[in-house]
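Numbering (my numbering), first residue to last: 393 to 636.
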């Protein structure tokens, strides 16, 4: 796949050149031309997740925690985007960064894969940070927001969705949407769902996170001392590797 971003005149003037380039690649191809596609997706699903630890010489930790929040073919509302940003700029900022002392703490949600993850970096804690991640579920499940707070969360999210893009960003975004089959109507549907986000959406998302806590996995880069201390503080056992 070749993704070219340019104005209309340049695209039209180079069309034949690119067709010739692509044809020459096929004519000069080396190797098996009728190779079958490997089913990486199915193979990946067969992998057994575990809590991984990478012990390195460091005084701070990088703590990840997450898993599959939405299963395949489940409907994912645009409200999930509002709630993810709300968690990052509120609960996680307060508990992981301000109180916990980490340089950064945030979460992210991919509506395509359905994967939700928490992350921290330059974090002096390990067990406490994982505990904060898990507590986020209860926080959302019982949250109370007034109309002003809800509107602020929605505005903060919609600003990211419709942020201005440079030419190269527009080109890459266009390619990504084409690859995953996302139409303009899908984008408008997501905008509508973001704008219609309710407090009940926050609580339902929290209930999903409560279930995720039971099967989510942690991946941590930290010192051996941090892993030893965490083992005494939490039930989670890490499969620790020492890459250095």
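Note that beta-carbon positions come from the ideal geometry of N, C-alpha and C, so glycine has one too. Fair warning: this is a prediction, and the values are worked out from it, not measured in the lab.
Run of the alpha helix (DSSP H) containing residue i, from where it starts to where it stops
| i | result |
| --- | --- |
| residue 343 | Outside the displayed range of the chain (393 to 636) lies residue 343, so it cannot be described from this structure. |
Simplified DSSP state of residue i, which is helix, strand or coil
| i | result |
| --- | --- |
| residue 622 | helix |
| residue 404 | helix |
| residue 508 | strand |
| residue 591 | helix |
| residue 572 | helix |
| residue 599 | helix |
| residue 630 | coil |
| residue 700 | Nothing in the structure corresponds to residue 700, since the chain is present only between 393 and 636. |
| residue 472 | helix |
| residue 530 | helix |
| residue 431 | coil |
| residue 409 | helix |
| residue 613 | strand |
| residue 492 | coil |
| residue 399 | coil |
Boundaries of the beta strand (DSSP E) in which residue i is found, first to last residue
| i | result |
| --- | --- |
| residue 456 | 454-460 |
| residue 502 | 496-502 |
| residue 447 | 444-447 |
Cα-Cα separation, residue i to residue j
| i | j | result |
| --- | --- | --- |
| residue 593 | residue 524 | 21 angstroms |
| residue 596 | residue 527 | 15 angstroms |
| residue 484 | residue 545 | 15 angstroms |
| residue 450 | residue 502 | 30 angstroms |
| residue 601 | residue 416 | 51 angstroms |
| residue 462 | residue 584 | 20 angstroms |
| residue 410 | residue 394 | 9 angstroms |
| residue 516 | residue 616 | 13 angstroms |
| residue 565 | residue 625 | 44 angstroms |
| residue 556 | residue 403 | 23 angstroms |
| residue 471 | residue 627 | 33 angstroms |
| residue 414 | residue 581 | 36 angstroms |
| residue 547 | residue 541 | 10 angstroms |
| residue 598 | residue 604 | 10 angstroms |
Residue i CB to nearest heavy atom of the ligand PLP below 7 angstroms
| i | result |
| --- | --- |
| residue 630 | You won't find the ligand PLP in this model; it holds no ligand whatsoever. |
Option nearest residue i by Cα separation, candidates the options
| i | options | result |
| --- | --- | --- |
| residue 608 | 448, 529, 562 and 394 | 529 |
| residue 586 | 554, 443, 465 and 463 | 554 |
| residue 539 | 563, 447 and 588 | 588 |
| residue 478 | 543, 575, 503 and 405 | 543 |
| residue 457 | 520, 481, 533 and 561 | 520 |
| residue 535 | 514, 610 and 482 | 482 |
| residue 621 | 447, 464, 442 and 398 | 447 |
| residue 399 | 431, 489 and 560 | 560 |
| residue 444 | 551, 533 and 610 | 610 |
| residue 551 | 522, 489 and 474 | 474 |
Nearest-angstrom beta carbon gap, residue j and residue i [assumed within contact, 8 angstroms]
| i | j | result |
| --- | --- | --- |
| residue 476 | residue 496 | About 15 angstroms separates the two Cβ atoms, so there is no contact after all. |
| residue 488 | residue 612 | Incorrect: roughly 14 angstroms between the Cβ atoms, too far for contact. |
| residue 591 | residue 532 | That belief does not hold up - the Cβ atoms of residue 591 and residue 532 are roughly 10 angstroms apart, past 8 angstroms. |
| residue 468 | residue 506 | 7 angstroms |
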